[in-house]
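According to the working numbering, the stretch in the sequence shown is residues 54 to 239, in order. For glycine and all other residues, C-beta sits at the position ideal for the given N, C-alpha and C. All figures in this text were calculated on a predicted structure; none of them were measured in a lab. As structure tokens, the structure follows; a few thoughts come after it.
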Amino acid sequence: MKEIADSAGRFKQIALRKQKSKHSDSTERSGIALGSDIERQLPMELGLYALPSTKNYFLRRYVEVQTMMYEQKGQEVLEKGPIVLCLDQSGSMHKLDTQSKGFTFALMSIARKQRRDFCLILFSTRTQIIKYEKGKIKGSDMANLAQTFLGGGTNFALPLDKAMNVINESRLNKQMSCLLRTAKTD
54 MKEIADSAGR FKQIALRKQK SKHSDSTERS GIALGSDIER QLPMELGLYA
104 LPSTKNYFLR RYVEVQTMMY EQKGQEVLEK GPIVLCLDQS GSMHKLDTQS
154 KGFTFALMSI ARKQRRDFCL ILFSTRTQII KYEKGKIKGS DMANLAQTFL
204 GGGTNFALPL DKAMNVINES RLNKQMSCLL RTAKTD
């Protein structure tokens, strides 16, 4: 349980940091900075490039990342709809079970904190679906999950079909996050 909790903590930190990260494609300007992003250059800098007499001056400063450009800010738009996680619990995942459960617990705690619906689809050659509405996830639910492992072979069609059913049933399916965690690479 301690290893799962440690792993969950790391994954949760990464996910929460990502939700707070700045959006690199933001169009909101918040000031001026030095840089070499051509799309954000000030008109004055582009004017230096356009004139033959100052073109080399601009190019030198551009290469040295000393040209002035607009600084941008804005929160990354991350959807806050339901989360569906398809978690591979086939025999090949046995060695990664602790890490996978940590990842799952991190998502569950985020869903609980943000009061989001969470659907966990455990799969191997069969599936087990566990739904939590509006983040109502108890510690006992997580403890039970920590002791669950299906084993067996891997059938990807089953969980994906079940996930599609969950997505189609949800009123918030446009904001839904659907993830599949597996060790398979082929």
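Open item on the list: Would you call the segment 203-221 in contact with the segment 110-126, where contact means no fewer than 3 C-beta pairs closer than 8 Å?
Closed with: The segment 203-221, when compared against the segment 110-126, does not touch it at the 8 Å Cβ threshold.
Task: Range covered by the beta strand (DSSP E) that runs through residue 182 - done: Start and end: 180-185.
TODO: Determine the extent of the beta strand (DSSP E) in which residue 230 is found, giving its start and end residues.
DONE: 230-234
Open item on the list: Using a 10 Å radius around the Cβ and a threshold of 16 neighbouring Cβ atoms, would you call residue 104 buried or exposed?
Closed with: exposed
TODO: For residue 208, I'd like the list of residues in its chain whose CB is within less than 6 Å of its CB, leaving aside the five on either flank, ordered along the chain.
DONE: 178
Open item on the list: Give me the residue from 82, 135, 115, 100 with the minimum Cα distance to residue 230.
Closed with: If we check each option's Cα against that of residue 230, 135 comes out closest.
Open item on the list: Whole angstroms are fine: how far does the CA of residue 191 sit from the CA of residue 143?
Closed with: So the alpha carbons of these two residues sit roughly 25 Å apart.
Open item on the list: Tell me the rounded alpha-carbon separation between residue 76 and residue 83.
Closed with: Because residue 76 carries a pLDDT of 47, less than 50, the predicted location of this residue cannot be relied on, and the following value inherits that uncertainty. So the alpha carbons of these two residues sit roughly 13 Å apart.
Open item on the list: What would DSSP say about residue 219, mapped onto helix, strand or coil?
Closed with: helix
Task: Limits of the beta strand (DSSP E) - the one that residue 137 falls within - done: Note, residue 137: beta strand (DSSP E), 136-141.
Open item on the list: Check whether the segment 164-174 and the segment 182-191 are in contact - that is, three or more C-beta pairs closer than 8 Å.
Closed with: yes
Task: Reference residue 145, options 222, 204, 223, closest by Cα - done: Residue 204 holds the alpha-carbon nearest to the alpha-carbon of residue 145 among 222, 204, 223.
Open item on the list: Once DSSP output is grouped into helix, strand and coil, what is the label at residue 117?
Closed with: coil
- [ ] Taking the CB atoms as reference points, tell me whether residue 232 and residue 213 lie closer together than 9 Å.
- [x] no
TODO: Pick helix, strand or coil for residue 87, following the three-state DSSP scheme.
DONE: strand
TODO: Look at the Cβ atom of residue 235, then the Cβ atom of residue 141, and state whether they are nearer than 9 Å.
DONE: yes
Task: Coarse secondary structure for residue 129, derived from DSSP in three states - done: With a pLDDT of 48 at residue 129, under the threshold of 50, the predicted position of this residue should be treated as unreliable, and no value is reported.
Task: C-alpha distance - residue 160 paired with residue 108, whole-angstrom precision - done: 52 Å
Task: Cβ-Cβ distance between residue 112 and residue 102 below 9 Å - done: yes
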